[in-house]
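Q:
Protein chains: 2
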Amino acid sequence: MKADYTLYLVTDRRAMSAETLEAAVEQALLGGCTMVQLRETGADERTFYDSACAVKKITDCYGVPLIINNSVAIALAAGAAGVHIGQRDLPAETARRLIGPDMLLGVSASSVQEALRAQADGADYIGVGAVFPTNTKKDAPRVSWDCLEEIRRAVRIPIVAIGGISMDNIAQFAGRGINGAAVVSAVIAQPDIRRAAAALREEMTKVLLL
Amino acid sequence: MKADYTLYLVTDRRAMSAETLEAAVEQALLGGCTMVQLRETGADERTFYDSACAVKKITDCYGVPLIINNSVAIALAAGAAGVHIGQRDLPAETARRLIGPDMLLGVSASSVQEALRAQADGADYIGVGAVFPTNTKKDAPRVSWDCLEEIRRAVRIPIVAIGGISMDNIAQFAGRGINGAAVVSAVIAQPDIRRAAAALREEMTKVLLL
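Residue numbers (our numbering), protein chains in the order written: chain A, 40 to 249; chain B, 40 to 249.
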């Protein structure tokens, strides 16, 4: 599946400024987010599934792919566009086997080895980070600019940078060959989610042209 | 799939007496457990999946079905015989849709309403409990004898009783129309797992004849 990774929203209820997750996602989509990953850390399966179904109604309205963090079963059950897995989730090749060839598979990678492995195992894209310090995922390993460049040279699949990306630093991606930026707090924790997303989308579109 | 629910082992690493889970399961099977449910509360997906693959090698050797607690994806990925879900996991009808008609689907139920719903949603059997106080799942609701009898009258699918079942109380199931007893600590926490399982199996076989 072809996807536009330009501004990739990752949700986080703990960091949310809007009253409901659906409202936050809708504002982010109105602002120009091109993809949504639903991350429900710590929620039980039923809550996560119900949330996936509710958010999918919004993403479907805007024609934007919904990716489910971690859970292949919920991605399949909710009819999501894909699933994003980390290094401690199911092996990527196993996830690919379960979701079939058409659903999107994203894999987190923070080294060249992990990136190459993800590509070989059938990932459609890799999430690389944390490129900047982040409060929303404190256990995330850090990825240096050198490492990001090495990964870019090593794999041919799209790269989405993640980790502490905001208006203060997004311009630093110019010329680095990434395909998109994943944002959490820089969108979902802002008082005006739509405006925050629109500003980041504009900036990121410029970055991708450089 | 036809299954023998007589003595249904549910694993719990925290309660384990053996050095490895594989060793504990093998001893339990040698003692006569007829089914195994792998429960890995709190483990990450990769650890759970690796554990499922390792335990499946043992259950396959003994021709005993392996059921995966909670995770449809791991059940599918590991090629398990089935999945067991609770009331806060994926809806049973959704789980059934994902696993297809042939894999076993177990659903926890602690009321007539939940039991009937599970049956309607495609459960192969229900786990009913906690029938006795239990330390391995402290948040489990209690089910009275009256409620168990009401459930037995209400559904036609097999019932596996669970919760604090041991040699001290297993004889109390005589004549109650259940199809098996699920045990955790009464097998897996015992110094001689094989002997503990054999004694429970013998007792439960008598109970099922009454």
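By construction, the Cβ of each residue, glycine as well, lies at the ideal position given by its N, Cα and C atoms.
Along the region 74-93 of chain A, what residues have a CB closer than 7 Å to any CB found in chain B?
A: Those residues of the region 74-93 of chain A that come within reach of chain B (Cβ to Cβ, closer than 7 Å) are Asp83, Glu84, Arg85, Tyr88.
Q: How many angstroms separate the CA atom of Asp207(A) from the CA atom of Ala238(A)?
A: Taking the straight line joining both Cα atoms gives about 11 Å.
Q: Taking CB distances under 8 Å as the criterion, tell me whether Glu110(A) reaches chain B.
A: Correcting the residue identity first, residue 110(A) is Ser in this sequence and not Glu. Yes, Ser110(A) lies at the interface with chain B (some Cβ there is under 8 Å from its Cβ).
Q: Quick one: what does DSSP say Met142(A) is sitting in, helix, strand or coil?
A: Coil at Met142(A), not helix or strand.
Q: Identify whether Ala159(A) lies in helix, strand or coil by the three-state DSSP scheme.
A: If DSSP states are grouped into helix, strand and coil, Ala159(A) belongs with the helices.
Q: Taking the alpha-carbon of Ala210(B) as reference, which of Glu79(B), Arg136(B), Thr98(B), Thr244(B) has the nearest alpha-carbon?
A: Here the closest residue by C-alpha is Thr244(B).
Q: Could you tell me the boundaries of the beta strand (DSSP E) in which Gly20(A) lies?
A: Nothing about residue 20(A) can be reported from this structure: the residues present for chain A run from 40 to 249 only.
Q: Would you kindly work out how many angstroms separate the C-alpha atoms of Leu188(B) and Leu129(B), rounded to a whole number?
A: Per the sequence presented here, residue 188(B) reads as Glu, with Leu not at that position. Distance between the alpha carbons of Glu188(B) and Leu129(B) is about 27 Å.
Q: Quick check: the Cα distance between Gly161(A) and Glu241(B), rounded to an integer number of angstroms?
A: Distance between the alpha carbons of Gly161(A) and Glu241(B): 49 Å.
Q: Output needed in chain order: residues of the region 126-156 of chain B with a Cβ under 9 Å from some Cβ in chain A.
A: Flagged, chain order: Gln126, Arg127, Asp128, Leu129, Pro130, Thr133, Ala134, Arg136, Leu137.
Q: Please work out which residues of its chain come closer than 8 Å, Cβ to Cβ, to Gln158(A), disregarding the five sequence neighbours upstream and downstream, and give them in chain order.
A: For Gln158(A), where only same-chain residues beyond five positions count, the Cβ hits under 8 Å are Ile165, Val194, Arg195, Ile196.
Q: Please report how far the alpha carbon of Thr73(A) lies from the alpha carbon of Val111(A), in whole angstroms.
A: The alpha-carbon atoms of Thr73(A) and Val111(A) are separated by roughly 21 Å.
Q: Verify whether the separation of the beta carbon atoms of Val223(B) and Val64(B) is less than 8 Å.
A: Taking 8 Å as the Cβ cut-off, Val223(B) and Val64(B) do not qualify as a contacting pair.
Q: Out of Leu137(B), Tyr47(B), Ala200(B), state which residue places its alpha-carbon closest to the alpha-carbon of Val167(B).
A: Ranking Leu137(B), Tyr47(B), Ala200(B) by Cα distance to Val167(B) puts Ala200(B) first.
Q: For Thr86(B), count neighbouring C-beta atoms within 10 Å of its own C-beta (all shown protein chains included) and say buried if the count is 16 or more, exposed if not.
A: Exposed is the call here.
Q: Could you confirm whether any beta carbon from chain B is found closer than 8 Å to the beta carbon of Leu115(A)?
A: Yes, Leu115(A) lies at the interface with chain B (some Cβ there is under 8 Å from its Cβ).
Q: Rounded to the nearest angstrom, what separates Leu155(A) and Ala235(B) at their Cα positions?
A: C-alpha separation (whole angstroms): 49 Å.
Q: Where does Ser147(B) sit, in a helix, a strand or coil, going by DSSP?
A: Strand, per DSSP.
Q: Give the straight-line distance between the Cα atoms of Glu84(B) and Ile113(B), rounded to the nearest whole angstrom.
A: Their Cα atoms are separated by approximately 8 Å.
Q: CA-CA distance, Leu69(B) and Ser56(B)?
A: The straight-line gap from Cα to Cα measures roughly 16 Å.
Q: For the alpha helix (DSSP H) that Met243(B) lies in, which residues bound it at each end?
A: First-last of the alpha helix (DSSP H) with Met243(B): 232-248.
Q: Could you tell me the boundaries of the beta strand (DSSP E) in which Ile198(B) lies?
A: Taken as a continuous stretch (DSSP letters only), the beta strand (DSSP E) holding Ile198(B) covers 198-201.
Q: Can you check the region 177-221 of chain B for any alpha helix (DSSP H) of at least 4 residues that lies completely inside it and give the ranges in chain order?
A: The qualifying runs are 184-193.
Q: What residue from Arg233(B), Leu247(B), Ala225(B), Ser205(B) has the CA that sits closest to Val54(B)'s CA?
A: For the record, residue 54(B) in the displayed sequence is Ala; it is not Val. Considering only alpha carbons, the answer is Ala225(B).
Q: State the DSSP-derived secondary structure class of Tyr47(B), mapped to helix, strand or coil.
A: Tyr47(B): strand per DSSP, three-state reduction.
Q: Should Gln76(A) be counted as a contact of the ligand SAM given a C-beta to heavy atom distance under 7 Å?
A: Only the bare structure without any ligand can be found here, which leaves the ligand SAM out of the picture.
Q: Provide the residue span of the beta strand (DSSP E) that contains Val122(A), from first to last.
A: Counting along the chain, the beta strand (DSSP E) containing Val122(A) begins and ends at 121-124.
Q: Mind checking Pro104(B): buried by the 16 CB within 10 Å criterion, or exposed?
A: Buried, because 16 or more other Cβ atoms sit within 10 Å of the Cβ of Pro104(B).
Q: Is the beta carbon of Ala42(A) sitting closer than 8 Å to the one on Tyr88(A)?
A: The answer is no: Cβ separation not under 8 Å.
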